[in-house]
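In my numbering, the protein residues as written are 890 to 1030. No residue lacks a Cβ here, since even glycine has one placed at the ideal position from N, Cα and C. Model, not experiment: these values are computed from the prediction. One structure is given here, and the rest of the page talks about it.
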């Protein structure tokens, strides 16, 4: 699941996600970049909430992994893009995992579908036995 990063600026930051402390650090880093690109407080909260859920999923279901995050630019807009990669077991039923209200338990209760609703762009790539990559982007208005 290691491919090119979508449209990230050269200033990509990488954070391993191997403990609960790393999940907290991931939230802090996401908030810092959201503030840097001047997302509204509401959009900052949405992005941080989605990233928190995805970081926790990376740790709990993927057995740990890495967050790569940076600012993105497209058509005069600036946003934050975050990519969560793990080498875990993958998601056997993507449709079910993306169903509103479905949860395997233990997270914030948002699930992947909730995280998807909170961001502007959401991509999920997974392979059973080969890990999962979730990419999210929130654009400034």
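Asked: Is any heavy atom of the ligand SAH found at a distance shorter than 8 Å from the C-beta of residue 1030?; Found: Of the ligands one can find in the structure shown there are none, so the ligand SAH has no counterpart to examine.
Asked: Name the DSSP bridge partner or partners of residue 934?; Found: Paired residues: none, contrary to the question.
Asked: What's the gap between the Cα of residue 928 and the Cα of residue 1003?; Found: 19 Å
Asked: Measuring only the C-alpha atoms, how far is residue 916 from residue 958?; Found: 11 Å
Asked: What would DSSP say about residue 947, mapped onto helix, strand or coil?; Found: helix
Asked: Per DSSP, which one or two residues make a beta bridge with residue 956?; Found: 904 and 973
Asked: Closest to residue 901 by CA distance: which of 956, 948 and 950 is it?; Found: 956
Asked: Considering only residues of the same chain and omitting the five flanking positions on each side of residue 1029, which have a CB-CB separation below 7 Å?; Found: 926, 927, 928, 966, 967 and 968
Asked: Closest by CA to residue 1015, which one among 982, 971 and 903?; Found: 982
Asked: In angstroms with no decimal places, state the Cα-to-Cα distance between residue 953 and residue 913.; Found: 14 Å
Asked: By DSSP, does residue 922 sit in helix, in strand, or in coil?; Found: helix
Asked: Which parts of the segment 1001 to 1028 are runs of the beta strand (DSSP E), unbroken and 3 residues or longer, counting only runs that do not cross its ends?; Found: 1010 to 1016 and 1020 to 1028
Asked: From the DSSP secondary-structure annotation, give me the bridge partner or partners of residue 966.; Found: 963
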